[in-house]
Every structure is written in C-alpha cells, then in structure tokens.
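**Q** Counting in our numbering, the sequence shown runs from 11 upward without gaps.
Every residue gets a Cβ at the ideal spot worked out from N, C-alpha and C, and that includes glycine.
The structure that follows is given in the form of structure tokens.
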Amino acid sequence: MRLYGFWRSIATYRVRIALNLKGIDYEEVDINLLKGQQHEESFGAVNPGHAVPALDIDGRVLTQSLPILEALDALYPQVPLFPADPFERAAAVGLALDTIADSHPLVVPRVRSRLTQQFGADEAAVEAFCAHFLALTNTTMEARIAGRSTAYAMGDAPCVADIAIAGHLVSCGYYGVDTTAWPHLHELGERLQQIDAFARSHPFERRKLSA
Ligand SMILES: N[C@@H](CCC(=O)N[C@@H](CS)C(=O)NCC(=O)O)C(=O)O
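In structure tokens:
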C-alpha cells in the first residue's frame, strides 16, 4: 500500500492515523507541497485534483481522506473507525465534516496562494483569514462534544470524528490559534495524542522522516 502524502498535510495525517490504528503496513511517498510538487504532471496522473492524500491499494488509487477512511474500514474491519449505530455514525461523520468540508478547504495552499496572488493579501492577512475559520470550527466542535461524557468524541474508542479533530487541532497550531479557549476540544486533543497511532502519525513526527 502506497500513501502519497506530505508531512505537513492535515488530510494525509487523517489517513496515516487510520492506517496506524488498524496496523496496516504502508509506504509514504512525499509530494512536497512547499515545493509545489502537487502541481507536477506526474502527480496529476495519480490524482487529477493535485492534492494529497492519495492511497494506492494494489494499483487502485483512492483520493479524498473521508472515503479513504471508509474504504479502509470496509477492507480492514479491525479497529472500526465508524460507529455502528446509524445516528451515531451520522453524528461522527458530521463532526468530521465540520473540518474536512467546512474549514480545512479554506486553509490549503491553493486557497492561501490565491488570496495572495488575486487579492494581494500579505502573510499576516492570510494567517488571520485561516485562524478566523479554524476558530469558528473550534466553537462548533466544542458545542458538539461538550455535553458528552465519553473519553473520545463519540464513545470510548477513537473514531472518524477524533481523527478529523486531531488534524484540525494541528492546523490550529500552524495558524497560532490557542485552543485552550475551547476546553473540551483542547482536552480531547491532548487525550488523542496519548494514543500511539495518533502520536506516531503526527505531522511533526513524519517531518523527521521526510527528505
Ligand atoms: N478534501 C481533501 C483535501 C485534500 C487537500 O486539499 N490536501 C491538501 C493538503 S492537506 C493539498 O494537497 N493541497 C494542495 C494545494 O492546495 O495546492 C481530503 O480530505 O483529502
């Protein structure tokens, strides 16, 4: 199994966590987003969307982190990532989409560079833009999890929602959003980093292995 990713990529981090939670062997191929390698034609042949992650399973390439997690769960049911109850599953995926669909797409390189190139935003303005939307998601997530008494977002084992939250919190770190203002979310993030599969997959751990 080959994961096209990048150490800093939040979407790749989600897939890395899932692979490590399930104990699946894989190799990671770096597509260096800081050098613009996602735009290269050779990578376009892997993912015409020119974004990571892409997961090659026996020559079949999957893209978009959420359906990749769904496919991994179906192919490798050990350590389930999605709650069995349909309502809990919908709530878990909904929580995951608060970041995957709503705020993360606003902070990716293609949006940040468009803000600079088309609208003349300087680095500080781009960072403030990203921090604004990440903070909105913090407020949404805090409200969703505050009433729960479970160890993780949806229950006593981490699921897709926790994977998405872990990535979102790393993103907050990139843009200087102090998450202590959202205490349940912040504490959940700390708890998740105590799980080996989350800690081992962390962008800063992966960076140590990148060229
Ligand atoms: N919705 C996609 C997000 C994919 C995505 O935008 N990945 C970022 C890195 S986290 C990327 O490769 N961006 C390239 C760019 O914006 O040029 C997913 O969840 O997999």
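Going along the chain, which residues of its own chain have a beta-carbon closer than 7 Å to the beta-carbon of HIS60, five neighbours each way excluded?
**A** Position 50 of the sequence shown, counted from the start, is the residue given in the question as residue 60. Correct list, in chain order: GLN48, HIS49, PHE53, GLY54.
**Q** Got a sec? Which residues, its chain only, sit under 8 Å from VAL71 by beta carbon, not counting five neighbours each side?
**A** The sequence position of residue 71 within the sequence shown is 61, counting from 1. The answer, listed in chain order, is VAL56, ASN57, ALA64, LEU65.
**Q** Can you grab the Cα-Cα spacing for the pair ALA163 / LEU13, in whole Å?
**A** The residue given as residue 163 occupies position 153 in the sequence shown. The residue given as residue 13 occupies position 3 in the sequence shown. Going by the C-alpha atoms only, they are around 26 Å apart.
**Q** Would you call the CB atoms of LEU107 and LEU76 closer than 9 Å?
**A** In the sequence shown, residue 107 corresponds to position 97, counting from 1. In the sequence shown, residue 76 corresponds to position 66, counting from 1. Yes, they are a contact pair.
**Q** Where does VAL118 fall in DSSP's three states?
**A** Counted from its first residue, the sequence shown places residue 118 at position 108. Reduced to three states, the DSSP call for VAL118 is coil.
**Q** Is any heavy atom in ligand 1 found nearer than 8 Å to the beta carbon of PRO119?
**A** Position 109 of the sequence shown holds residue 119. Because some heavy atom of ligand 1 lies under 8 Å away, the Cβ of PRO119 counts as near it: yes.
**Q** Given a threshold of 16 other Cβ atoms within 10 Å of its Cβ, counted over all protein chains shown, does ARG124 qualify as buried or as exposed?
**A** Stepping through the sequence shown from its first residue, residue 124 is reached at position 114. Answer is exposed; the Cβ neighbour count stays below 16.
**Q** Which word fits HIS114, buried or exposed, when buried means at least 16 other C-beta atoms lie within 10 angstroms of its C-beta?
**A** To locate residue 114, count along the sequence shown from 1; it is residue 104. Per the 10 Å Cβ criterion, buried.
**Q** At the level of alpha carbons, what is the spacing between GLU200 and ALA209?
**A** Residue 200 sits at position 190 when you count from the first residue of the sequence shown. Residue 209 sits at position 199 when you count from the first residue of the sequence shown. Near 10 Å, if we compare the C-alpha coordinates of ALA209 and GLU200.
**Q** Does ligand 1 have a heavy atom nearer than 8 Å to the CB of ILE62?
**A** For the purposes of this step, residue 62 is identified with residue 52 of the sequence shown, where counting begins at 1. Rather than Ile, the amino acid found at residue 62 in this sequence is Val. Indeed, a heavy atom of ligand 1 lies less than 8 Å from the Cβ.
**Q** For THR189 and LEU195, I'd like the C-alpha separation in whole angstroms.
**A** As a working mapping, residue 189 is identified with position 179 in the sequence shown. As a working mapping, residue 195 is identified with position 185 in the sequence shown. Each residue's Cα considered, the two are about 8 Å apart.
**Q** Using DSSP bridges, identify the partner residues of LEU65.
**A** Locating residue 65 in the sequence shown gives position 55, counting from the first residue. Partner(s): LEU13, LEU72.
**Q** Please say whether ARG217 and ARG26 have beta carbons closer to each other than 9 Å?
**A** Taking the first residue of the sequence shown as position 1, residue 26 is located at position 16. Taking the first residue of the sequence shown as position 1, residue 217 is located at position 207. No, these two residues do not count as a Cβ contact at 9 Å.
**Q** Which residues in the same chain have their Cβ closer than 6 Å to the Cβ of ALA156, if we skip the five residues on either side of it in sequence?
**A** Residue mapping note: residue 156 aligns to position 146 of the sequence shown, counting from 1. Counting only Cβ-Cβ distances below 6 Å, and skipping sequence neighbours, we find HIS194.
**Q** Taking only the alpha-carbon atoms, compute the straight-line gap between PRO168 and PHE143 and give it to the nearest angstrom.
**A** As a working note, residue 168 is residue 158 in the sequence shown. As a working note, residue 143 is residue 133 in the sequence shown. If I take the Cα positions, the gap works out to 25 Å.
**Q** With a threshold of 6 Å on Cβ separation, who are the neighbours of LEU29 within its own chain once the five nearest residues in sequence on each side are excluded?
**A** The residue you call residue 29 lines up with position 19 of the sequence shown. Answer for LEU29: TYR36, listed in chain order.
**Q** Quick check: the segment 166-180 against the segment 90-100, are there 3 or more CB pairs under 8 Å?
**A** Enough Cβ pairs lie closer than 8 Å, so yes.
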